[in-house]
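Worksheet for the structure shown next.
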Amino acid sequence: PLEVKLTRETIRVRPVRARKEGDDIAVIRITQFNEQTSENLKREVDKLTSEIGPDKLKGFVIDLRNNPGGLLDQAISVSDAFLDRGEIVSTRGRNAEETQRFNAKAGDLTKGKPIVVLINGGSASASEIVAGALQDHKRAAVLGTRSFGKGSVQTIIPLGGNGAVRLTTARYYTPAGRSIQAKGIDPDTEILQDIPDELKGKDETKGEAGLRGHLKNDKEEKGGSSAYIPPDAAKDKQLIAAYDHLRGVQKGAANKTGAGVPN
Numbered sequence: 001p002l003e004v005k006l007t008r009e010t011i012r013v014r015p016v017r018a019r020k021e022g023d024d025i026a027v028i029r030i031t032q033f034n035e036q037t038s039e040n041l042k043r044e045v046d047k048l049t050s051e052i053g054p055d056k057l058k059g060f061v062i063d064l065r066n067n068p069g070g071l072l073d074q075a076i077s078v079s080d081a082f083l084d085r086g087e088i089v090s091t092r093g094r095n096a097e098e099t100q101r102f103n104a105k106a107g108d109l110t111k112g113k114p115i116v117v118l119i120n121g122g123s124a125s126a127s128e129i130v131a132g133a134l135q136d137h138k139r140a141a142v143l144g145t146r147s148f149g150k151g152s153v154q155t156i157i158p159l160g161g162n163g164a165v166r167l168t169t170a171r172y173y174t175p176a177g178r179s180i181q182a183k184g185i186d187p188d189t190e191i192l193q194d195i196p197d198e199l200k201g202k203d204e205t206k207g208e209a210g211l212r213g214h215l216k217n218d219k220e221e222k223g224g225s226s227a228y229i230p231p232d233a234a235k236d237k238q239l240i241a242a243y244d245h246l247r248g249v250q251k252g253a254a255n256k257t258g259a260g261v262p263n
């Protein structure tokens, strides 16, 4: 028999990675929403703004692709970093009195700099809350492909004997009143990647709507989309489109209109 000795180590996950693109764009990739996400984001925004210079900085790319989500409070805090006012997200249960609304506080961390948010079929839950909030407030252009559609709230109820049950108790809604559940967030501009032949047909997620027993959307449902990101950034059409958008380069693409926040 093969004997293997394992040594337990602490794995430190970096939820936020940031870099400069050229000398005028800040790129921030958020891989998950854990306890450190908001704090790390604010640090990287300040750092890149200082390195590039506020006068030269054309804007920020917030990459939420293949981000499965995480903590609601972190999604709210990240959204709040880019919004000066207004609702970020609401949760609505069966009864109207159960509705909770979360609002932004005054102060935009980027001081109004243009923002592009990237999403794809692997962007779910907290990622969709951020993308939906910035899209509805027209604070960011959302590019990529439709997100996963994980827009339900689970509550864990303790039981006797160290047991517990997890119940779906509410749905997430964007500021414009759109349910994320089993529909996802449609980008303002859909950008499709060039899929390698060996991955064609394997690059798309089912989406929440494609999962057996999923919580239905009361109105419209939409399936998943491609979650492929080229390993070579030079071939990443979504990322390149984000750079072009911030630099004012106009290219042909399928444009869609966001819902907008009702007055």
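Quick note on full-length UniProt numbering: the sequence shown kicks off at 1 and runs consecutively.
Built from N, CA and C at the ideal position, the CB exists for glycine as well.
Tell me where the alpha helix (DSSP H) around residue i begins and ends.
| i | result |
| --- | --- |
| V249 | V249 -> no alpha helix (DSSP H), and no H or E assigned at all. |
| G132 | A126 to D136 |
| I76 | L72 to F82 |
| K222 | Where K222 is concerned, there is no enclosing alpha helix (DSSP H), given that its DSSP letter is neither H nor E. |
| T37 | T37 to I52 |
Contact check, residue i vs residue j under 8 Å by CB: the rounded distance?
| i | j | result |
| --- | --- | --- |
| S147 | I119 | 5 Å |
| K82 | R139 | According to the sequence as given, residue 82 is Phe; it is not Lys. Their Cβ separation, rounded to whole angstroms, is 6 Å, which keeps F82 and R139 in contact under 8 Å. |
| E208 | K150 | 5 Å |
| S225 | E204 | 6 Å |
| S20 | L48 | Before going further, note that residue 20 is Lys rather than Ser in the sequence given. Indeed they touch by this definition, with Cβ atoms about 6 Å apart. |
| A227 | G121 | 4 Å |
| T91 | A170 | 4 Å |
| N67 | S152 | Actually they do not touch by this definition, with Cβ atoms about 17 Å apart. |
Could you tell me the distance, in whole angstroms, from the CA atom of residue i to the CA atom of residue j?
| i | j | result |
| --- | --- | --- |
| E98 | L72 | 17 Å |
| Q135 | E9 | 40 Å |
| K42 | G161 | 42 Å |
| T174 | V89 | 5 Å |
| Y243 | T7 | 43 Å |
| R166 | G93 | 15 Å |
| S77 | Q181 | 21 Å |
| Y172 | F33 | 16 Å |
Is residue i buried or exposed, if buried means 16 or more other CB atoms sit within 10 Å of its CB?
| i | result |
| --- | --- |
| V249 | exposed |
| I185 | buried |
| V61 | buried |
| K183 | buried |
| R212 | exposed |
| Q100 | exposed |
Would residue i pass as an interface residue toward chain C - the criterion being a Cβ-Cβ separation below 8 Å?
| i | result |
| --- | --- |
| E198 | The structure shown contains no chain C; it holds only a single protein chain. |
Start and end of the beta strand (DSSP E) containing residue i?
| i | result |
| --- | --- |
| Q154 | S152 to L159 |
| S60 | According to the sequence displayed, residue 60 carries Phe and not Ser. F60 -> beta strand (DSSP E) spans G59 to D63. |
| T169 | G163 to Y173 |
| R178 | Run containing R178: none; DSSP gives neither H nor E here. |
| F102 | Q100 to N103 |
| V4 | Run containing V4: none; DSSP gives neither H nor E here. |
| A26 | I25 to I30 |
| L192 | L192 -> no beta strand (DSSP E), and no H or E assigned at all. |
| G144 | A141 to G144 |
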